[in-house]
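Residue numbers (the numbering used here): 155 to 473. Glycine included, each C-beta is placed from N, C-alpha and C at the ideal position. Structure, as structure tokens:
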Amino acid sequence: MSFSAIKGLDKPLGILKACIDNSRLEAGYLFTGPEGIGKRQVALALAKKLNCLEDKADACSRCSSCLKIESNQHPDVHIISDDETQIKIDVIRQLQKEMSLRAYEGKFKIFIIDNAHNLTAEASNSLLKVLEEPSKGSLIVLISDKPGLLFRTVVSRCKVVRFSPLKRQDLEEILKKDYKLDTGYAHFLAYFSEGRLGRALKLKEEDIIIKKNNLIDKFVLSSKSGAESLASAARTEVRDSLNLLTTWFRDIYILKAGMAQEELINSDRKIELAQSASRLSFLDLDAIFMNITNAVSYLEQNVNTRLLLYNLRMELWKG
Ligand SMILES: [Zn+2]
Numbered sequence: 155m156s157f158s159a160i161k162g163l164d165k166p167l168g169i170l171k172a173c174i175d176n177s178r179l180e181a182g183y184l185f186t187g188p189e190g191i192g193k194r195q196v197a198l199a200l201a202k203k204l205n206c207l208e209d210k211a212d213a214c215s216r217c218s219s220c221l222k223i224e225s226n227q228h229p230d231v232h233i234i235s236d237d238e239t240q241i242k243i244d245v246i247r248q249l250q251k252e253m254s255l256r257a258y259e260g261k262f263k264i265f266i267i268d269n270a271h272n273l274t275a276e277a278s279n280s281l282l283k284v285l286e287e288p289s290k291g292s293l294i295v296l297i298s299d300k301p302g303l304l305f306r307t308v309v310s311r312c313k314v315v316r317f318s319p320l321k322r323q324d325l326e327e328i329l330k331k332d333y334k335l336d337t338g339y340a341h342f343l344a345y346f347s348e349g350r351l352g353r354a355l356k357l358k359e360e361d362i363i364i365k366k367n368n369l370i371d372k373f374v375l376s377s378k379s380g381a382e383s384l385a386s387a388a389r390t391e392v393r394d395s396l397n398l399l400t401t402w403f404r405d406i407y408i409l410k411a412g413m414a415q416e417e418l419i420n421s422d423r424k425i426e427l428a429q430s431a432s433r434l435s436f437l438d439l440d441a442i443f444m445n446i447t448n449a450v451s452y453l454e455q456n457v458n459t460r461l462l463l464y465n466l467r468m469e470l471w472k473g
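Right under this line is the structure:
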């Protein structure tokens, strides 16, 4: 994707454009902001813009350089990203080695370090040296949604670019206009992703609205327990499901409190929401929220998910 194709991130893009236009690129950037907001996408767009073979204001997305970056095959654009919990010193040594070589075919060598808060102390110190004596024509982009865990010294060597969520209404409009989603789906995604476009698109790929409605049907609305099917799901999926359940009961609360219906997240299920709202009291809802919150914290503590969901389901159906 090029800068102009990225929606809703005008502020970070503006900062980067100004750096490029004024030929004031830093050796290190730190992109911060919530997960799923588009930090990595912007890092790649920056790599494309700096290496595009067409001499235009924005990356062309057609030249061999742009295409190679898009397919993660450009020899001068390195993405350091794995699901390991630590980024070790060997990785930074390798980066240092790569950096000392001339660019193979690009104008810039770019190193994108995703989840940079996973750098070990040794790796951070090593990276600090690289940032203190950068090679010309090289650029390092650190990406982190937990910048507080990074070494202060490393942060101080980087230009920090903050990414903020979009207003939900704005994201809803983007999803309708640019991704051709119907109003109900766009509204749900914009709210459930908390204004993060990347997260919204990932959820769309996962058919979240089908999953969500299945969950509500089986776990909340059906008198038969749907806990079994959910219990076999992965822990992260269970967490997502608990978040979905929270949106459901939050909506019931909003209806009962007589707040604006535009605030409903599950606006595709207004009838069922209204039915539940007449059945549940505010006290019931308080108890339900407490039970879901407890379930989320138990989940963090590695308890048996089957038992956890069974108990939660019992609590939801007490009333
Ligand atoms: Zn290009």
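Own chain, CB closer than 7 Å to I328, minus 5 neighbours either side, in chain order: K161, G162, L351
Kindly provide the ranges of any alpha helix (DSSP H) runs that are 4 or more residues long and lie completely inside the segment 335-401, ordered along the chain. 337-346, 351-359, 362-369, 381-385
So the candidates are K356, F403, S177; which of them puts its Cα closest to the Cα of F436? F403
So which of L281, I241, L204, V295 has the shortest CA-CA distance to A257? For the residues L281, I241, L204, V295, the minimum Cα distance to A257 belongs to L204.
Alpha carbon of L462 to alpha carbon of K300, nearest angstrom: 29 Å
Report back the beta-carbon spacing between I552 and K193 to the nearest angstrom; my notes put them in contact at under 8 Å. Residue 552 is absent from the model: the chain starts at 155 and stops at 473.
Whole-angstrom C-beta distance between K263 and S292, which should lie under 8 Å: 5 Å
Please determine, among F346, L409, S225, the residue with the shortest C-alpha to C-alpha distance to P319. Comparing alpha-carbon positions, the option among F346, L409, S225 lying closest to P319 turns out to be F346.
Is any heavy atom of ligand 1 found at a distance shorter than 7 Å from the C-beta of E208? yes
For the alpha helix (DSSP H) containing S225, list its first residue and its last residue. That residue, S225, is in no alpha helix (DSSP H); it is neither H nor E in DSSP.
Quick test of your reading: E311 and L273, contact by CB under 8 Å. State the CB separation rounded to the nearest angstrom. The question names Glu, but residue 311 in the sequence shown is Arg. Not confirmed; about 13 Å, so no contact.
Please tell me whether I419 and D440 are closer than 8 Å, where the distance is taken between their beta carbons. no
With 16 as the cutoff for other CB atoms within 10 Å, does L303 come out buried or exposed? Burial call: exposed.
Taking the beta carbon of K251 as the centre, do at least 16 other beta carbons fall within 10 Å, making it buried, or is it exposed? exposed
Could you check where the beta strand (DSSP E) with R316 kicks off and where it finishes? 313-316
Check this for me: beta carbons of S289 and I246, under 8 Å apart or not? Contact flag unset, no.
Compute every distance between the C-beta of S215 and the non-hydrogen atoms of ligand 1, then say whether any falls below 7 Å. yes
Beta-carbon separation of F317 and G190 under 8 Å? no
In the structure shown, what three-state DSSP assignment does T459 receive? helix
Contact defined as beta carbons within less than 8 Å: I believe K313 pairs with E180. What is the distance between those atoms, to the nearest angstrom? 4 Å
Hey, V309 and Y183 are a contact pair by Cβ (cut 8 Å); roughly how many whole angstroms apart? Wrong, their Cβ atoms sit about 11 Å apart, outside the cutoff.
Near E326, what residues of its chain come up, given a Cβ to Cβ distance below 7 Å and the 5 sequence neighbours on each side ignored? Here the set comprises A340, H341, A344.
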